[in-house]
Every structure is written in C-alpha cells, then in structure tokens.
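Add 9 to the 1-based position in the sequence shown for this note's numbering, that's all there is to it.
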Amino acid sequence: MHTDSIRFVLSSDLLFNYTDNNGAYILQIGSNLTTQLKSKNLKSIYFFIGNVNLIRSKDEDFQNSYFLHGRYNYKFTKVVRFEAFVQNQNNQKLTISERNLLGVGLRLKLFSKDGSLAYLGNSYIYEVESVASSDQKFYNHRNSSYLSLNQHFKKFNLDLTGTLYFQPLYDNIGNHRILSQFKAQMPLTKRISFSALYNYAVINFNSELEDNRSSNVSFGFTLNL
C-alpha cells in the first residue's frame, strides 16, 4: 500500500448473496481486509491482509478458502528494505488444502518516477503443506522471487498494480508456483473506490500429486479509511 507519509491505512470490502429457488440454494460470501501501520520515522511498516471466500450450494462447495498474511518491512536505505512475513491459507478445492509458512528476505526499489514504481524482491520460505485427502504433510524450503509494478495515472486518477511471483523448491525447481495479481483502482469519493482484481496461479508439483491451476476475477467497491 503506497501511502507516502500517511501512517495508518485500512481498506475493506464485503460481498454477501443468498439465492433459494424451491430449496436449491446458493450462498456466496466474500470479504477482504487490508491494513497498514507505519512507524513515526516511516522506516518500519506493519502490513496485514486477510480474505474469506465461500460459494456453497446444497450439494457442494464451489469455493471454500481463506488467506491470512502478516508482513514486517524495514527501510535500510532508499533502495534496500528488509522483509519478514508469516502466512496461513486454506483452500479445500486445491490439492494442497492448507499451507503455513514463514519467510525472510530483501526488497529492492528499482525505480520511482512520475507515478511509476517498480520493486524486486527475493526471500527464503519455510513452509508446511497439507493434503486433506490423504493426511500427507510436506516440509519445504522454498525460494520466492517477485516483481511488482505500480503506475498512477494522475489525469484519470487511476492506479494500476501488477505483481508476478516465482516460487520453486531449492532442491527441485520443477516443483514451483507461478502467481500473479493485477489490480485497478479508481476513487469515486474520498472514502470509496471502484476496484477490479484478477488473480492467476499455476502450481506444479513435479510428482504424483495433481498440478493445480486457478483464476479469479472480481469487481466491486472498496472502503478506505
């Protein structure tokens, strides 16, 4: 969340829908919360993001997942930042149903000019992955590299953000994740913005486990405090 000297920021959105036709129902719940706190000297950043998604019918769940991520960022210089993070996620529709991880690394600012920002990050991750269908658990040492691009169009008051991750195992590069997220946000008022979000993930296990692909597109309104 690029907020310059603003120390506290919170944004949230909520979706709820319930439809029942002669006993055949669809329940949909979606919630996202993102908050950030900066220290007085603006060198330390505490960041948290969480979301829950549920689409349920009488016979099955089409989506059932949650994601929690906390991150600490410390600014050494104008270019170099230290990062440490913890994460817990659960998705009953994927091969790996639950993932817990800890990570540390560095984040580099590649450039910042005329509303354009670019960051490159690299981290070490220790993770525990669980397969609900077989009670298997995997204890992994993984690398995470990412490129993040941000562009603000002052004329249209439009913000575009794109982030691409590559996360292979150190001892088996064929076991990797490619994750991407693209977001567009345009303020409608001081507190409310229209936003569009696209997530795409490819997870290759390079083993007997079934590879996963998932994508999600969402449009909505975001409350900013």
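We put the beta carbon where it would ideally sit given N, CA and C, even for glycine. In this text, all values refer to a predicted model and were calculated from it rather than measured experimentally.
Collapsed DSSP secondary structure at residue i in the structure displayed
i	result
T104	coil
V88	coil
K52	coil
K146	strand
N60	strand
G32	coil
K122	strand
R151	strand
N166	coil
D70	strand
S204	strand
Nearest-angstrom Cα separation, counted from residue j out to residue i
i	j	result
F292	S20	No answer is possible for residue 292: it lies beyond the span of the chain, which begins at 10 and ends at 234.
T28	F230	21 Å
K199	L234	9 Å
N131	P177	12 Å
H185	A141	20 Å
K102	T86	42 Å
G183	F71	29 Å
L36	S224	20 Å
F91	F56	13 Å
G171	L63	25 Å
N41	Q96	15 Å
L88	Y81	A small fix is needed here, since residue 88 is Val in this sequence, not Leu. Using only the alpha carbons, I get a separation of about 16 Å.
I3	F175	It is not possible to answer for residue 3, since the shown part of the chain is limited to 10 through 234.
F17	K118	22 Å
S14	S48	10 Å
F228	V61	16 Å
Beta-carbon proximity list for residue i, same chain, < 6 Å, skipping 5 on both sides
i	result
I134	L110, G112, R151 and S153
Y207	F191 and V226
L173	L156 and S189
I58	T43 and H78
L218	T104
E138	I105, R108 and F147
Delimiting residues of the beta strand (DSSP E) encompassing residue i
i	result
N131	S125 to V140
F228	N221 to N233
F214	Looking at the DSSP string, F214 is not in any beta strand (DSSP E), and its letter there is neither H nor E.
Sequence-distant residues of the same chain with beta carbon closer than 8 Å to residue i, five excluded per side
i	result
K52	Y83 and K84
G124	Q160, H161, F162 and K163
Neighbourhood of residue i by C-beta, 7 Å cutoff - its chain only, sequence neighbours within 5 removed
i	result
F120	A127
Practice item. Mind listing, in chain order, the continuous beta strand (DSSP E) runs of no fewer than 3 residues lying wholly within the region 168-197? Key: 185-196
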